[in-house]
Structure formats: C-alpha cells, structure tokens
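At the far end of the sequence shown sits residue 126, using full-length UniProt numbering, and the numbering has no gaps.
So the structure is just underneath, and the comments pick up after that.
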Amino acid sequence: MELAKLMGAKVYALYVLDKKAYVPPVLETSIHLGSKWDVMEETLCQEGDEALQYVKKVAEDKEIDYEGVVVEGDPAHTILEFAEQNKVDLIVMGTLGKGGLERFLLGSVADKVVRHSKISVIVVKK
Numbered sequence: 001m002e003l004a005k006l007m008g009a010k011v012y013a014l015y016v017l018d019k020k021a022y023v024p025p026v027l028e029t030s031i032h033l034g035s036k037w038d039v040m041e042e043t044l045c046q047e048g049d050e051a052l053q054y055v056k057k058v059a060e061d062k063e064i065d066y067e068g069v070v071v072e073g074d075p076a077h078t079i080l081e082f083a084e085q086n087k088v089d090l091i092v093m094g095t096l097g098k099g100g101l102e103r104f105l106l107g108s109v110a111d112k113v114v115r116h117s118k119i120s121v122i123v124v125k126k
C-alpha cells in the first residue's frame with residue numbers, strides 16, 4: 001500500500017473463487033452438487049468479501065484509489081487475465097508457502113503467475 005500511495009496508483013484487490021480446488025473435475029461431471037456447492041460458494045464469497053473489506057479499509061485509511069473484485073475461475077489464469085485487461089503495472093500477491101510434495105501435486109498459484117506474467121510480480125509470504 002505504501003508503494004501505491006507513493007506512486008498515486010489505484011489498487012485492485014482480486015479474490016478468485018476456484019471451484020476446482022474444492023470439486024475435482026472428474027466429480028463435477030459425475031455428481032450433482034446442487035445446494036452443497038451453493039453453500040460452499042456462499043461461504044467462499046463471504047471470505048472473499050471479508051478479505052476485500054480489509055484491503056478497502058487499509059486503502060481508504062491511506063487515501064488510495066481502490067476497487068475490489070470477486071470472480072470465479074482458475075486463480076493463476078484469472079489473475080493474469082485481469083492484470084492484462086486492466087493494464088495493471090504490478091501484481092502483488094500472497095502465498096501460503098506450500099512446498100515439497102504438496103506444491104508438486106497441487107501446483108502453486110504464485111509460481112504460475114510469476115512464470116507467466118508479462119509484468120512484474122511481488123510475492124509476499126504469509
């Protein structure tokens with residue numbers, strides 16, 4: 001936020017709902033999730049809204065132009081697409097610090113964004 005303040009930049013806070021992280025594609029086509037997914041999606045949207053409200057408060061306190069967005073999709077692809085469409089100058093993202101086998105099996109959103117981004121990326125370990 002300090003960098004955004006110094007540069008007079010707008011801050012976009014993007015929260016991506018990744019349905020596939022909770023429902024493997026093979027199950028998605030073989031079962032009907034119905035209301036179970038609706039409840040899960042509502043919970044995830046609430047978490048996203050809370051996260052965005054936190055960023056909004058920090059931005060407002062520092063008098064920084066802010067826009068929060070919640071979307072559904074593949075996180076890495078969605079972040080990169082959003083950055084390109086909105087002519088973002090810098091991507092700043094958090095990481096859970098997954099490593100070893102877990103990272104190999106699940107992949108890392110931050111890793112994918114860093115490898116495929118055409119703009120600079122700062123990754124902050126939580």
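In this text, a Cβ means the ideal position worked out from N, Cα and C, and glycines have one as well.
Asked, Found
"Does the distance from the CB of V92 to the CB of I119 come in under 8 angstroms?", "no"
"Give the secondary structure of E67 by DSSP, where H, G and I count as helix, E and B as strand, and everything else as coil.", "strand"
"Assess contact between the segment 58-71 and the segment 10-17, defined as three or more Cβ pairs (one per stretch) separated by less than 8 angstroms. Is contact present?", "yes"
"Would DSSP call K10 helix, strand or coil?", "coil"
"Please go through the same chain and pick out, in chain order, the residues whose beta-carbon is closer than 6 angstroms to the beta-carbon of L17, but skip the five residues on each side of it.", "L44 and E72"
"Classify V109: buried if its beta carbon has 16 or more other beta carbons within 10 angstroms, exposed otherwise.", "buried"
"Mapping the DSSP letters down to three states, classify L105 as helix, strand or coil.", "Its pLDDT being 48, under 50, L105 is placed unreliably by the model, and the measurement read from it follows with that caveat. In this structure, L105 counts as helix in the three-state DSSP scheme."
"How would you write the range of the beta strand (DSSP E) that I122 sits in, first residue to last?", "S120 to K125"
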